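Below is one structure, written out as structure tokens; comments come after it.
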Amino acid sequence: MRNSDFQEKSRLLIEETIDALRNKPIKSTYLERLIVADKARALYRELPQPLMLGCTANYILENVSCPVAQHDILLGRYVEVVPNEEEEALFRQLMKKNEELGSCMIDGGHISFDWETIVREGLIGYIKKSERELERRLAEGAEKERILVLQGMNLIYRAYRRYILRYADAAEKAGMPYQAQVCRNIADNAPVTFFEAMQLVLFVTNIYSIYSAGANATLCCGRMDDLLREHYERDIASGTLTREEAGYIIDDFNCKNAIILGRGEHQMSGGADTDTGWSRNPMYDSPTYVILGGYSNRGDHTTNPLTRLFLERIHPRLENPVYVFRRTPDVADDMWQLICDKLRQNSTLLVYNDETVIPAMINAGIPEYDAREYTIHGCNWPDVHGMSQNLYGLGYPMPRYIMDGLLDEDGNLRRDFKSIDDVYDAMYDECRKVLHRDFIKARFNEAHPASNTLCCTDCFLRGPIDNATSGFYGVKYPIVLTLVRNVGTAADIMAALESVVFCEGGVSMQTMADALKANFVGYEDLWKKCKSAPKYGQDDDRADAHGIRLINLMTDAGEDEAINPETGERDIITLGVTITDMWHRHEGARLGATPDGRLAGMPLSENLSATPGNADSVTALLNTVAKMPFDRIGSGALNLRMPKNVVAGDLGLMRLSVLLKTYFENGGMQVQLSIADTEELRDAQKNPENYRDLMVRITGYSAVFVDMCTEAQNEIIRRDELA
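Under the working numbering, think of the first position of the sequence shown as 1, with each following residue one higher.
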């Protein structure tokens with residue numbers, strides 16, 4: 001197989017994938033998966049849980065199909081059907097049984113595997129290590145629970161290996177001897193070539209996502225340019241691979257991760273008639289993250305040829321994978337131009353700043369060497385590559401803390417507030433009360449481990465084999481996330497109180513409380529004052545200072561609770577995150593009017609964005625966000641919305657690249673773009689057939705706009721209009 005063969009295969013697969021993403025029937029279902037899993041459950045449900053999981057994995061991966069298409073470069077397809085009436089009845093019956101008996105596919109993703117070990121040792125390395133550890137534990141007379149965990153892990157590794165060997169046979173029968181040999185090589189050895197490494201990563205990722213996970217199996221494939229660099233450079237030097245061929249292999253990898261998705265999206269329109277849903281497709285709209293760039297412990301990150309190659313092969317019409325570029329100040333100008341060009345095409349590409357995330361990891365107690373290995377999984381959650389597990393996300397939205405500190409359940413003032421500092425004190429008390437309760441639970445759970453429930457996830461993390469336990473207790477860095485949410489609305493509330501009540505005078509806290517209880521009805525003049533107070537997103541220090549103070553307050557509270565009151569030592573790793581997903585709508589619906597002029601039930605600000613309509617300009621918003629203390633925040637999202645004309649042409653590309661470069665140099669943490677015009681979005685509602693490729697950003701992944709329900713489309717348009 002040489003360049004011309006790869007080129008044609010890549011072209012055909014991209015066409016197939018784009019067609020599937022746009023035209024796949026909404027009810028397309030992985031029915032075979034459910035049928036085989038049901039049989040496996042009946043056979044093994046009485047076994048101890050780790051053995052049940054391992055045996056069901058073996059049964060499933062021995063009995064599902066191994067489809068092959070002649071234009072495949074990498075192997076790995078999964079059988080979908082549009083159920084007829086009889087099959088639909090069977091599907092619903094199987095779903096009911098899963099509700100009653102529980103599924104034998106229990107994983108939920110949201111993690112980054114230890115891809116360094118996977119690529120270096122291969123599946124065979126895991127098989128041998130689990131057997132060595134099992135032999136050692138048996139010789140020591142270890143407790144039965146740990147023995148069962150290791151036996152279950154070994155069965156899972158062998159199941160994955162057996163599936164790959166079955167694919168080798170399928171490829172041989174399809175007249176694809178090269179791919180067949182690759183499969184046999186990686187079944188019994190660590191990958192040697194770039195092709196083999198890419199094939200192994202794809203198999204592990206998608207076997208897990210389809211056959212191990214119950215739903216929403218978003219996964220991070222790690223720092224693929226960093227981990228596969230040695231394989232790539234060795235192949236290039238030996239003449240067994242060209243740069244063009246490697247690009248086509250990456251194309252196939254991208255397509256295979258995209259074509260498995262369903263239709264629609266879950267955060268804004270989940271459950272609508274336009275959505276496939278996770279019961280039919282465990283991947284549905286779940287993003288698979290790939291990390292590129294960033295400081296490396298393995299070599300000079302500025303000279304890695306794979307970084308640019310992966311970036312070049314990002315296709316703007318594919319929803320998946322989601323690529324994350326870790327920016328460093330020494331990024332080459334032409335590479336930065338390439339990244340900004342991909343961003344303005346609405347590619348599924350996010351940018352993080354190593355200069356803020358690594359210090360945040362270090363401040364959380366993670367050594368610099370490991371902090372350099374940070375990754376991000378969907379949707380915008382932080383990991384230490386293969387060495388961490390996020391145990392809990394603790395805390396409420398910041399506006400809720402503020403309002404609970406200000407007002408009781410009847411809307412009356414809780415105390416006599418003399419200054420904005422009094423308001424902060426009340427908020428801090430509320431915050432500590434909630435976090436203290438949650439941290440007590442976290443310490444109890446850590447001190448009293450539940451019986452080991454093995455997941456396939458545990459098999460591919462660093463630590464669980466050595467400790468013969470689940471990842472919850474076996475990884476090096478169990479992390480508790482402090483949720484620092486809705487900073488825009490929270491800063492606006494504090495700025496309004498300081499401006500309207502404590503600085504200007506003329507408005508008492510009692511009057512403000514009365515106005516809030518009345519939802520500003522009869523208090524229109526006060527409402528106007530509140531709306532015209534300084535706002536987050538206007539590059540106004542009177543508001544932005546509150547954003548800084550609020551983030552510091554929340555992270556201080558988390559760090560204070562991480563200190564064990566009995567020992568005085570920090571015993572929990574806490575990391576602040578600013579992610580709201582789409583909960584700003586739900587939380588806003590539950591919250592009454594707020595002092596910034598927001599009316600009861602209206603959405604809160606989302607992620608790091610300003611409240612829609614408050615930002616004076618893109619530059620002002622970026623300047624505001626860059627002021628925040630991101631050396632204390634591990635991850636978050638800034639959804640930046642811009643019209644097409646602003647970024648069009650050479651001038652637009654230059655404008656965008658300078659704008660974002662300045663933002664990151666000023667201390668910004670993350671950015672992701674949605675480039676669309678309001679008129680275009682409205683026309684897409686009326687004429688969806690003309691806009692099958694119109695993509696919009698939903699927190700940490702992309703969605704096809706016309707596949708979203710009307711309510712979700714209207715929310716996107718509302719934010720776009722106000723932005």
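From the three backbone atoms N, C-alpha and C, an ideal C-beta is built for every residue, glycine too. Just so we're clear, the structure is a prediction, and the values are computed from it rather than from any experiment.
Taking 3 residues as the minimum length, the stretch 21-90 contains no beta strand (DSSP E) run wholly inside it. Excluding its 5 nearest sequence neighbours in each direction, Asp235 has C-beta neighbours in its own chain below 7 angstroms: Thr193, Phe194, Leu241, listed in chain order. For Asn607, the three-state secondary structure derived from DSSP is coil. The alpha helix (DSSP H) runs of length 4 or more contained entirely in the stretch 560-600 are, from start to end of the chain, 583-590. Asp251 sits in a helix when the DSSP states are folded into three classes.
Within the same chain, and ignoring the five residues on either side of Ser28 in sequence, the residues whose Cβ sits closer than 6 angstroms to its Cβ are Glu80, Val82. By the criterion of at least three beta-carbon pairs nearer than 8 angstroms, the stretch 11-30 is not in contact with the stretch 124-132.
The bridge partners DSSP lists for Phe325 are Leu292, Val351. Taking a contact as a CB-CB distance under 8 angstroms, the pair Val480 and Ile551 does not count as one, their CB atoms being some 17 angstroms apart.
Between Thr274 and Asp707, the C-beta spacing is below 7 angstroms.
Burial is judged here by how many other beta carbons sit within 10 angstroms of a residue's own beta carbon; Cys379 has at least 16 and is buried. Counted as a single uninterrupted DSSP element, the beta strand (DSSP E) harbouring Ile633 occupies residues 633-635. Looking at the DSSP output, Thr375 bridges to Asp383. In this structure, Gly547 sits away from Ala610, with a CB-CB distance that is not shorter than 7 angstroms.
Just so you know, the alpha carbons of Ile106 and Ser212 end up roughly 7 angstroms apart.
In this chain, the beta strand (DSSP E) harbouring Asn390 covers 388-394. In this structure Glu368 is exposed. Its beta-carbon is surrounded by fewer than 16 other beta-carbon atoms within 10 angstroms. Pairing Tyr167 with Leu75 gives a Cβ-Cβ distance under 7 angstroms.
Take Leu148, set aside five residues on each side of it, and the residues of its chain with a beta-carbon closer than 7 angstroms to its own are Pro48, Pro50, Leu51, in chain order.
The shortest C-alpha to C-alpha distance from Pro478 to any of Gly463, Gly395, Asn390 is the one to Asn390.
Ranked by how close their Cα comes to the Cα of Glu679, the residues Pro565, Lys661, Val696, Ile717 have Ile717 in first place. Counting along the chain, the unbroken alpha helix (DSSP H) around Asn467 starts and ends at 464-467.
According to the DSSP secondary-structure assignment, Arg697 is paired through a beta bridge with Ser702. The Cβ-Cβ distance between Tyr352 and Gln670 falls below 7 angstroms. The residue from Glu715, Ala197, Ser657 with its alpha-carbon nearest to that of Arg585 is Glu715. Counting along the chain, the unbroken beta strand (DSSP E) around Gly222 starts and ends at 219-223.
Here DSSP, grouped into helix, strand and coil, assigns Met669 to coil. Take the alpha-carbon of Leu640 and the one of Val618: they are about 8 angstroms apart. Counting C-beta pairs with one atom in each stretch, the stretch 401-418 and the stretch 530-545 have fewer than three that are closer than 8 angstroms, which means they do not touch. Distance check between Gln685 and each of Arg158, Glu446, Asp251, Ala712 places Ala712 closest, using alpha-carbon atoms only. Look at Asn304 here: in three-state DSSP terms it is coil, with no helix or strand label. The bridge partners DSSP lists for Tyr477 are Ser388. The three-state reading of DSSP puts Met198 in helix, counting H, G and I together. Sequence-distant partners of Met509 (beyond 5 residues in either direction) whose C-beta falls short of 7 angstroms from its own C-beta, in its chain, are Leu413, Phe417, Val501.
Taking the Cα positions, Leu659 is about 22 angstroms away from Glu312. In the DSSP annotation of this structure, Met642 is not part of any alpha helix (DSSP H); the continuous beta strand (DSSP E) holding it starts and ends at 639-642.
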